[in-house]
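Here's the structure, in structure tokens; my notes come after.
What follows is the structure, given as structure tokens:
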């Protein structure tokens, strides 16, 4: 396990980066990541190729992902152990956010108005 | 006979990439499509059917095999590669009327593009300092003066470009808040 500080250094992840890491729990090339991210996010996260290419370069540089193969001109990536730890740390933060939002809402506003 | 190609001379500064994108889109709407750009300020167009075509410019750091996979990613995402000029990569995509398309889908990555551009311009600073007119003065007075004027003009351009790019980045950062 990495030091908590090493992990916290990468947080918070942008929405784009979060979905890229999530997609890379499976080995995939760039375009598959785009499609996966769009499906998983129910269409809320669309990754442009410029954004994705830049993010892949940065993530590879900080060792959250690594190149595992090549399919013609397409590079195939996978998440690393460090990447998984960072992803989990972010998931934990999202869990805290959602939990606190629900609690606050139900104790201070009409609970039946809460739709999420 | 109808002209199938036209050449236009137009100048865009490093910080005017979005203005250039809009202009290329307007040209396509009139049926003129940019051909492989080669020289700054010179644009060759080929006549075709007018269409709604979005142009986008990137300024990546890539080379060799990385560049191949970079282009592949854009192709997979439906962007046609037009060509490159001075480190800029030109892409276009045909869309439905009123639709738009982006190669950068968040502000963070757009800012990074301008950071790369600024870093690239910064590389020139030491070169300019090394070429400072002090070293050239000994040839002839008129030569020294001419070089000094040219040098100052180029330095001013470089500094202006840096300041304008810095401003673009600040505007984008303000959008994130």
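Protein chains in written order, with my numbering: chain A, 1 to 116; chain B, 1001 to 1177.
Just so you know, even glycine gets a beta-carbon here, dropped at the ideal spot from N, CA and C.
Cut-off 6 Å between Cβ atoms - residues of its own chain near residue i, not counting five sequence neighbours on either side
i               : result
residue 1079(B) : 1091, 1093
residue 1085(B) : 1037
residue 1095(B) : 1052, 1054, 1101
residue 1015(B) : 1164, 1165, 1168
Alpha carbon of residue i to alpha carbon of residue j, nearest angstrom
i               : j               : result
residue 1143(B) : residue 1153(B) : 15 Å
residue 48(A)   : residue 34(A)   : 8 Å
residue 1168(B) : residue 1155(B) : 20 Å
residue 43(A)   : residue 52(A)   : 16 Å
residue 112(A)  : residue 5(A)    : 40 Å
residue 1001(B) : residue 1158(B) : Low local confidence applies: a pLDDT of 49 at residue 1001(B) is under 50, so the model's placement there is unreliable, and no value is given.
residue 77(A)   : residue 8(A)    : 23 Å
residue 16(A)   : residue 1141(B) : 58 Å
residue 1006(B) : residue 1034(B) : 10 Å
residue 50(A)   : residue 1058(B) : 7 Å
Own chain, CB closer than 7 Å to residue i, minus 5 neighbours either side, in chain order
i               : result
residue 19(A)   : 37, 40, 41, 45
residue 1176(B) : 1107
residue 1012(B) : 1019, 1020
residue 1145(B) : none
Contact with chain A by residue i, beta-carbon distance below 8 Å
i               : result
residue 1169(B) : no
residue 1103(B) : yes
residue 1070(B) : yes
residue 1040(B) : no
residue 1173(B) : no
residue 1063(B) : no
residue 1094(B) : no
residue 1112(B) : yes
Within-8 Å CB hit, residue i to chain B
i             : result
residue 19(A) : no
Residue i CB to nearest heavy atom of the ligand MN below 7 Å
i               : result
residue 1114(B) : No copy of the ligand MN occurs in the structure displayed, which carries no ligand at all.
>> For the region 1100-1112 of chain B against the region 88-106 of chain A, do three or more pairs of beta-carbon atoms, one drawn from each stretch, fall closer than 8 Å, so that the two count as touching?
In response: no
> How about the region 79-87 of chain A and the region 5-23 of chain A: do they share at least three Cβ pairs that are nearer than 8 Å?
Replying inline: yes
> Which residues, in order along the region 7-31 of chain A, keep a beta-carbon less than 7 Å from a beta-carbon of chain E?
Replying inline: Although the question refers to chain E, the structure presented lacks it and instead comprises the protein chains A and B.
> Whole alpha helix (DSSP H) runs in the region 24-74 of chain A with 4 or more residues, listed along the chain?
Replying inline: 30-40, 49-61
>> In chain order, what are the residue ranges of uninterrupted beta strand (DSSP E) at least 3 long that sit wholly in the region 1012-1068 of chain B?
In response: 1032-1034, 1042-1047, 1053-1058
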